[in-house]
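Under UniProt numbering, the sequence shown has 195 at position 195, and the numbering climbs by one with no breaks.
A short worksheet on the structure shown next.
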Amino acid sequence: MSPRIVVLGAGINGLSSAVCVQQACPLAQVQLVSEHYSPDTTGDGSAGLWLPYLLGKEDAERSLRVCVATYRHLMELASSPQAGLIKVQKLSGYDLYTGMPTAIPAWTKSVEGFRQLTQEEMKQYPTADSATFFTSVNMDVPHYMNWLMKRFKSRGGILRQRKVEHIEEIGTECDILINCSALSAWFLFKDEQVYPTRGQVWKVHAPWIKHFSFAHVKDKDTAYVIPGVDHVTVGGTAQAGDWNTQPDPRDGARIWEQALHHWPELTNATPVLAWAGLRPTRPSLRLEPETVTVHGRNLKVIHNYGHGGSGSPCTGAVLWRSPPWCSRLSALRRTRSSGSCLACSEPSSPCLAYSGSIILCLAYSGSIILCLAYNESIILCLAYSESIILCLAYNESIFLCLACSKSIILCLACRRLAVSMLFVADQLCYDSLVAVQVFCVSLATVQKIYVSLPTVQIVYDSLVAV
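Below, the structure is given as structure tokens:
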């Protein structure tokens, strides 16, 4: 029976997660359940710029991996033929600092063209003490989400518009629940760590603004200007614990005053609308598995929320076109030889991963796949009857798969033959390849089965040994 997967929440994280689940487990029945859909989500009002903002400081390393992975995919998409269709483009700009040290966060090592401005360049910004420059990616979120929605529907995705007030309402309707409910996790899963951070912005007509710019001033909210496809977004506020989603005229006046102080070229801009929304903030991203009991039945839940003001920068699942999120999730693919989904509690083809670094996949019915990777490696595996397919390699040939980021996967595949493997750090070598007719691998009982993803981690308990 096809696995039933429900994605709860249709914001940019929920919708992109749903598309990637379809990519990784194509025979699954995927439903997207939400009270609000685009253009009525928080993401629709955002500027859509990649920039880690108001992101929880706990587990910063994982947040960094997610944001950098998303940056790379969006940069790739911005250079693709589809960029014009879905309104994704590269966008350069500045971070300005006044009365505070210049910030050089860890993610700056991974973006294009990051540098500090020279004293000569700083003359253009008399209100700032220092500044940095880099190239980011900007998306028109409504266009982008419309594109994702078309992908979701074309693959048989089901939409259900409803407000879920208790997890029991949908817990019996699925085998796996992916929780992208943002602030609703507060009452659905009793998560008292999630809270709103209110943001208010202006959307203005100012087509002469070509670069984004953020003004960081000590003891004040960050002011910013971000050009988009149709409008320029001028902000903003970061009001923790404020649940008001209506624009406040006092906030609007203060935002505009600060913007004109830093960017007087906005003087002739035409205001189009004021908008306010709530960022789902948390001390850390909640990217973890949990098993909850619903009507006496254990339900596997994957949490994916708490992105703060970094919904777009941290959607490592946003691209259906082979993103790292999907490459990790590919361990959930159905194998043609077994006809069963690795995600759905059939232990015949177990997948073992630990701490985001080691992934071991075994398939049966005349096929064996054995892959080990370290750290940020990418694995994409399918097993076919009486053949080995390893990372898009198949039939009677020998193939080599290399993982990224100081990682090595050494895989030699040949029809009905086995693999001899040797791993070395930062270099690759072969050692003693022995071809035999049968290659058998057995696993002791696995108490915890992990699949580590950039934006989501899946845990399956107590799989039986093969």
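Note that CB positions come from ideal geometry on N, CA and C, so glycine has one too.
Exercise. Grab the span of the alpha helix (DSSP H) containing Ile-255 for me, first residue to last.
Key: Here the alpha helix (DSSP H) through Ile-255 covers 249-262.
Practice problem: Taking only runs that begin and end inside the region 106-162, name each unbroken alpha helix (DSSP H) of 4 or more residues, in chain order. | Solution: Within the region 106-162, the complete alpha helix (DSSP H) runs of at least 4 residues are 119-122, 141-154.
Quiz item: Buried or exposed: where does Thr-335 fall if 16 or more other Cβ atoms within 10 Å of its Cβ makes it buried?
Solution: The pLDDT assigned to Thr-335 is 33, lower than 50, so where the model puts this residue is not dependable; a value taken from the coordinates is nonetheless given after this. Around the beta carbon of Thr-335, a 10 Å sphere encloses 16 or more other beta carbons of the protein chains shown; the residue is thus reported as buried.
Quiz item: So what does DSSP say about Glu-169, is it helix, strand or coil?
Solution: Judged by DSSP in its simplified three-state form, Glu-169 adopts helix.
Quiz item: Out of Tyr-94, Ser-46, Val-66, which has the shortest C-alpha to C-alpha gap to Thr-118?
Solution: Closest option to Thr-118, Cα to Cα, is Tyr-94.
Exercise. Compute the Euclidean distance between the alpha carbons of Ala-106 and His-166, then round it to the nearest angstrom.
Key: Between Ala-106 and His-166, the alpha-carbon positions lie close to 39 Å from each other.
Quiz item: Apart from the five residues on each side of it in sequence, which residues of its chain come closer than 7 Å, Cβ to Cβ, to Val-88?
Solution: Correct list, in chain order: Leu-74, Leu-77, Ala-78, Val-137, Met-139, Tyr-144.
Exercise. Measure the CB-CB distance between Tyr-125 and Leu-91 and report whether it falls below 8 Å.
Key: Cβ atoms of Tyr-125 and Leu-91: not closer than 8 Å.
Quiz item: Roughly how many angstroms lie between the CA atoms of Leu-188 and Gly-156, to the nearest whole one?
Solution: Their Cα atoms are separated by approximately 27 Å.
Quiz item: If you drop the 5 nearest sequence neighbours on each side, which residues of the same chain put their C-beta closer than 8 Å to that of Arg-115?
Solution: Excluding sequence neighbours, Arg-115 sits near Thr-132, Phe-133, Phe-134.
Quiz prompt | Host beta strand (DSSP E) of Arg-97 (start-end) | solution = Per the sequence shown, the amino acid found at residue 97 is Tyr instead of Arg. Taken as a continuous stretch (DSSP letters only), the beta strand (DSSP E) holding Tyr-97 covers 88-98.
Quiz item: How long is the line joining the alpha carbons of Ser-357 and Ala-215, rounded to whole angstroms?
Solution: Note on Ser-357: pLDDT 27, under 50, position unreliable in the model; no value is reported.
Self-check item: Bounding residues of the alpha helix (DSSP H) (the contiguous stretch that carries Phe-187)
Solution: Element bounds for Phe-187: 185-188.
Quiz item: Would you call Ala-10 buried or exposed, if buried means 16 or more other Cβ atoms sit within 10 Å of its Cβ?
Solution: Buried, because 16 or more other Cβ atoms sit within 10 Å of the Cβ of Ala-10.
Quiz item: Which residues mark the beginning and the end of the alpha helix (DSSP H) in which Gln-193 is found?
Solution: Going by DSSP, Gln-193 is part of no alpha helix (DSSP H) at all; its letter is neither H nor E.
Quiz prompt | Residue of Gly-113, Gly-43, Ser-63 minimising C-alpha distance to Arg-198 | solution = Cα-wise, what sits closest to Arg-198 is Gly-43.
Quiz item: Does the region 174-183 touch the region 285-301, meaning 3 or more C-beta pairs lie closer than 8 Å?
Solution: The way I'd put it, the region 285-301 does touch the region 174-183; three or more beta-carbon pairs between them come closer than 8 Å.
Self-check item: Beta-bridge pairing of Thr-267 - partner residues as DSSP gives them
Solution: Its beta-bridge partners do not exist; DSSP assigns none.
Self-check item: Inter-residue Cα distance where the pair is residue 527 and Asp-221
Solution: Outside the shown range of the chain (1 to 466) lies residue 527, about which nothing can therefore be said.
Self-check item: 8 Å Cβ shell around Ile-170 - same chain, five flanking residues per side excluded
Solution: Excluding sequence neighbours, Ile-170 sits near Val-6, Leu-8, Val-33, Val-164, Leu-177.
Practice problem: Name the residue from Thr-245, Gln-246, Gly-241 whose alpha carbon lies nearest to the alpha carbon of Thr-281. | Solution: Comparing alpha carbon positions, the residue from Thr-245, Gln-246, Gly-241 closest to Thr-281 is Gly-241.
Practice problem: Determine which residues share a DSSP beta bridge with Thr-291 and list them. | Solution: DSSP output for Thr-291 lists Lys-300 as bridge partner(s).
Self-check item: Selected residue, minimal CA-CA separation from His-295, among Lys-150, Leu-27, Glu-173
Solution: For the residues Lys-150, Leu-27, Glu-173, the minimum Cα distance to His-295 belongs to Glu-173.
Quiz item: Which class does Ile-209 belong to by DSSP, given the choice of helix, strand or coil?
Solution: Coil, per DSSP.
Practice problem: Starting from the Cα of His-261, find the closest Cα among Thr-98, Thr-291, Lys-109, Val-141 and give me that residue. | Solution: Out of Thr-98, Thr-291, Lys-109, Val-141, Thr-98 has the C-alpha closest to the C-alpha of His-261.
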